[in-house]
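Asks: Once you've had a glance at the structure underneath, I'll fire off some questions.
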């Protein structure tokens with residue numbers, strides 16, 4: 001039977017009663033180390049990346065220098081995290097198998113420590129497209145706590161492609177350094193970071209949603225209501241600007257700007273680049289017959305409507321190094337098939353399955369499946385994990401046996417058990433296993449979401465040294481299951 005003994009290592013006896021030690025009284029040493037009849041695992045108060053594995057002792061009493069090993073590959077000092085936060089302890093302290101949700105995932109040689117990814121979330125806090133202190137705090141606080149991947153919000157490839165004047169941008173080389181600072185910090189923690197490249201299309205030049213849902217950003221406040229573009233001239237709704245139908249020259253320029261933005265994202269060091277093809281923004285509005293009334297090569301038939309997306313994907317993949325992953329986010333459905341008062345055509349799940357096969361053939365590594373956002377008449381059938389069913393159908397279409405493109409689910413995934421069930425699948429013939437879950441608002445509310453879900457599933461995961469030492473060691477649930485150095 002294992003027990004908890006309040007001991008710490010000392011020079012001569014090897015252990016000292018923590019309760020009698022002055023450092024412990026001042027909370028400088030954590031009060032528990034794990035002791036079993038077979039094994040003694042040292043307390044991790046000196047940090048799992050200390051250079052000296054003998055706790056500074058040679059021949060019992062000769063002190064040595066102990067110091068934090070610096071993270072590699074960055075220009076600043078921060079202690080290395082090895083393994084990175086969010087990595088499941090292997091073997092698990094409780095002796096149980098690691099749930100799929102907490103198993104690592106490798107894409108093009110990039111290893112993600114778990115399958116809980118941060119969904120891109122617009123912060124509407126940039127000035128002229130430049131990332132600032134809010135982005136550093138927002139992203140850094142999440143990165144420290146070990147998601148599998150942190151995705152930077154929708155980042156505009158053109159100034160007029162922003163949703164609001166305060167959106168992030170990557171249309172200038174000057175935008176690279178501020179973005180790179182966030183990537184460098186993530187890498188210093190052993191974490192992975194992606195960026196979502198976007199153009200808002202006919203939903204551009206609005207104001208931040210906490211000011212008004214959909215109000216036009218006028219020229220006075222930095223908007224561009226007279227320069228909003230779309231596949232056709234139909235506005236999203238009466239509260240949005242009326243778009244100009246894009247000319248072929250403007251379409252060609254858009255493709256070139258996505259390529260330039262991709263090159264900048266590579267320079268900034270992002271591990272993953274995601275193309276935003278969802279939520280009624282530019283590329284989704286080209287896909288859907290509910291918003292695309294063109295009669296040229298980019299409108300009409302399914303093949304014509306998906307043409308722009310496929311061309312951009314091919315161009316992006318061509319300029320990306322082989323060791324960078326390409327994701328695409330789509331809206332699986334417009335939610336218009338059962339919408340009251342709407343009788344026209346729309347984008348459906350079957351369309352998404354056909355598109356997914358085409359994307360997989362062009363080198364897309366993961367399809368990030370969301371839904372809706374393209375028409376105000378949409379009738380969304382919400383509920384817990386309400387979009388996972390779409391993702392599972394698409395996964396089956398591209399190769400549910402694991403041979404095809406990876407697929408993720410997003411939307412109202414709020415618990416660890418729920419997330420594990422989504423990736424595990426197997427309830428019936430339609431319950432395809434998925435590869436990843438993405439969460440947005442759940443991370444906004446709780447940056448330590450990975451830790452919380454690990455506790456829910458009784459999984460021991462590593463935390464950052466600076467955080468974990470105060471909780472008894474780098475592995476969560478240490479007071480119940482033991483300290484793992």
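Residue numbers (the UniProt record's numbering): 1 to 485. We treat Cβ as the ideally placed atom computed from N, Cα and C, and that holds for glycine. Predicted model only: the values in this text are computed from it and were never measured.
1. Quick check on residue 267: buried or exposed, where buried means 16 or more other Cβ atoms within 10 Å of its Cβ?
2. Between the stretch 218 to 229 and the stretch 191 to 205, do at least 3 Cβ pairs fall closer than 8 Å?
3. Measuring only the C-alpha atoms, how far is residue 374 from residue 258?
4. Going along the chain, which residues of its own chain have a beta-carbon closer than 6 Å to the beta-carbon of residue 314, five neighbours each way excluded?
5. For a quick check, are the C-beta atoms of residue 236 and residue 280 less than 8 Å apart?
6. Is it true that the stretch 432 to 439 meets the stretch 382 to 396, where meeting means three or more beta-carbon pairs spaced less than 8 Å apart?
7. Residue 328 and residue 275 look like a contact to me (Cβ under 8 Å); what is the Cβ gap, rounded to whole Å?
8. Going by DSSP, what residues sit across from residue 196 in a beta bridge?
9. Measuring CB to CB, does residue 183 end up less than 8 Å from residue 86?
10. From residue 470 to residue 409, what does the alpha carbon distance come to, in whole angstroms?
11. Tell me which residues share the same chain as residue 436 and place their Cβ nearer than 6 Å to its Cβ, disregarding the 5 neighbours each side in the sequence.
12. Hey, how far is the Cα of residue 121 from the Cα of residue 419?
13. Among 456, 472, 108, 160, which residue has its Cα nearest to the Cα of residue 506?
14. Helix, strand or coil, according to DSSP, for residue 62 in the structure here?
15. My guess is that residue 108 and residue 322 are in contact by the Cβ rule of under 8 Å, so how many angstroms apart are they, rounded?
16. On the DSSP bridge list, what partners appear for residue 384?
17. Does the structure place the stretch 339 to 348 close enough to the stretch 88 to 95 that three or more beta carbon pairs sit under 8 Å?
18. Sorted by chain position, which residues of the same chain lie with C-beta nearer than 6 Å to residue 368's C-beta, five sequence neighbours on each side aside?
19. Kindly indicate the opening and closing residues of the alpha helix (DSSP H) around residue 105.
20. Kindly identify the DSSP beta-bridge partner or partners of residue 329.
21. Given residue 179, which residues of its chain have a CB within under 6 Å of its CB, disregarding the five upstream and five downstream residues?
22. Given that a residue counts as buried once 16 or more other Cβ atoms are within 10 Å of its Cβ, and exposed if not, what is residue 96?
23. Using a 10 Å radius around the Cβ and a threshold of 16 neighbouring Cβ atoms, would you call residue 50 buried or exposed?
24. Roughly how many whole angstroms lie between the Cα atoms of residue 352 and residue 220?
25. Would you grab the beta carbon distance between residue 372 and residue 422 for me? Rounded to a whole angstrom, and I think it's under 8 Å.
26. Tell me the DSSP secondary structure of residue 206 in three-state form.
27. Does DSSP put residue 244 in a helix, in a strand, or in coil?
28. Among 162, 210, 102, 144, which residue has its Cα nearest to the Cα of residue 187?
29. Report the option in 398, 185, 208, 103 whose CA atom is closest to the CA atom of residue 168.
30. Check the DSSP bridge columns for residue 112 and list the partner residues they point to.
31. Taking the beta carbon of residue 206 as the centre, do at least 16 other beta carbons fall within 10 Å, making it buried, or is it exposed?
32. Keeping to the same chain, check which residues put their C-beta closer than 6 Å to that of residue 400; ignore five residues upstream and five downstream.
33. Can the beta-carbon of residue 146 be found closer than 8 Å to that of residue 348?
34. Confirm, please, whether the CB-CB distance from residue 110 to residue 443 is below 8 Å.
35. Could you check whether residue 232 and residue 324 sit closer than 8 Å to each other, using their CB atoms as the reference points?
36. How many Å lie between residue 173 and residue 156 at the Cα?
Replies: In brief:
1. Along the chain shown, read from residue 1 onward, the residue named residue 267 stands at position 267. Label assigned to residue 267: exposed.
2. yes
3. Position 374 of the chain shown, counting from 1, holds the residue named residue 374. Position 258 of the chain shown, counting from 1, holds the residue named residue 258. So the two alpha carbons sit approximately 21 Å from each other.
4. Residue numbering aside, residue 314 sits at position 314 when the chain shown is read from its first letter. Within the same chain, residue 314 has close Cβ partners 362.
5. Indexing the chain shown from 1 puts residue 236 at position 236. Indexing the chain shown from 1 puts residue 280 at position 280. For residue 236 and residue 280, yes; Cβs fall inside 8 Å.
6. yes
7. Looking up residue 328 in the chain shown gives position 328. Looking up residue 275 in the chain shown gives position 275. Correct: roughly 5 Å between the Cβ atoms.
8. Along the chain shown, read from residue 1 onward, the residue named residue 196 stands at position 196. Answer by DSSP bridge pairing, in chain order: 154, 274.
9. Within the chain shown, the letter at position 183 stands for residue 183. Within the chain shown, the letter at position 86 stands for residue 86. No, Cβ-Cβ distance for residue 183 and residue 86 is not below 8 Å.
10. Indexing the chain shown from 1 puts residue 470 at position 470. Indexing the chain shown from 1 puts residue 409 at position 409. Approximately 34 Å between the Cα atoms of the pair.
11. Working through the chain shown from its first residue, we reach residue 436 at position 436. Same-chain partners within the cutoff: 115, 117, 408.
12. The residue labelled residue 121 in the question sits at position 121 within the chain shown. The residue labelled residue 419 in the question sits at position 419 within the chain shown. Their backbone Cα atoms lie some 19 Å apart in a straight line.
13. For the chain, the structure presents residues 1 to 485; residue 506 sits outside this window and is missing.
14. Residue numbering aside, residue 62 sits at position 62 when the chain shown is read from its first letter. Strand.
15. What you label residue 108 is simply residue 108 of the chain shown in a count that begins at 1. What you label residue 322 is simply residue 322 of the chain shown in a count that begins at 1. Confirmed, about 6 Å.
16. Reading the chain shown from its first residue, position 384 is the one you call residue 384. Note: residue 384 sits in no beta bridge, so no partner.
17. no
18. In the chain shown, counting from the first residue as 1, residue 368 sits at position 368. Closer than 6 Å at Cβ, skipping near neighbours: 327, 329, 408.
19. Locating residue 105 in the chain shown gives position 105, counting from the first residue. Residue 105 -> not in any alpha helix (DSSP H); beta strand (DSSP E) instead, spanning 105 to 107.
20. The residue given as residue 329 occupies position 329 in the chain shown. Bridge partners of residue 329: 276, 368.
21. The count along the chain shown starts at 1 and reaches residue 179 at position 179. Closer than 6 Å at the Cβ level, and outside the excluded window around residue 179, lie 131, 268.
22. Taking the chain shown and counting its residues from 1, the one referred to as residue 96 is at position 96. Exposed, because fewer than 16 other Cβ atoms sit within 10 Å of the Cβ of residue 96.
23. The count along the chain shown starts at 1 and reaches residue 50 at position 50. Low confidence applies to residue 50: its pLDDT is 48, below 50, so where it sits in the model is not reliable enough to give any reading.
24. As a position in the chain shown, residue 352 is number 352, starting the count at 1. As a position in the chain shown, residue 220 is number 220, starting the count at 1. So the alpha carbons of these two residues sit roughly 40 Å apart.
25. Stepping through the chain shown from its first residue, residue 372 is reached at position 372. Stepping through the chain shown from its first residue, residue 422 is reached at position 422. Not confirmed; about 19 Å, so no contact.
26. Residue mapping note: residue 206 aligns to position 206 of the chain shown, counting from 1. DSSP places residue 206 in strand when its eight states are reduced to three.
27. The residue labelled residue 244 in the question sits at position 244 within the chain shown. Residue 244: strand per DSSP, three-state reduction.
28. If you number the chain shown from 1, residue 187 lands on position 187. That would be 144, whose Cα lies nearest to the Cα of residue 187.
29. Residue numbering aside, residue 168 sits at position 168 when the chain shown is read from its first letter. The shortest Cα separation from residue 168 among 398, 185, 208, 103 belongs to 208.
30. Here the question's residue 112 lines up with position 112 in the chain shown. Looking at the DSSP assignment, residue 112 forms a beta bridge with 105.
31. For the purposes of this step, residue 206 is taken as the residue at position 206 of the chain shown. Its Cβ being crowded by 16 or more others within 10 Å, residue 206 is buried.
32. Counted from its first residue, the chain shown places residue 400 at position 400. For residue 400, where only same-chain residues beyond five positions count, the Cβ hits under 6 Å are 432.
33. Your numbering for residue 146 matches position 146 in the chain shown. Your numbering for residue 348 matches position 348 in the chain shown. Not a contact, by the Cβ cut-off of 8 Å.
34. As a first step, residue 443 must be located in the chain shown, where it is residue number 443. As a first step, residue 110 must be located in the chain shown, where it is residue number 110. Taking 8 Å as the Cβ cut-off, residue 443 and residue 110 do not qualify as a contacting pair.
35. Position 324 of the chain shown holds residue 324. Position 232 of the chain shown holds residue 232. Contact flag unset, no.
36. Here residue 173 refers to the residue found at position 173 when the chain shown is read from its first residue. Here residue 156 refers to the residue found at position 156 when the chain shown is read from its first residue. Going from the Cα of residue 173 to the Cα of residue 156 covers about 13 Å.
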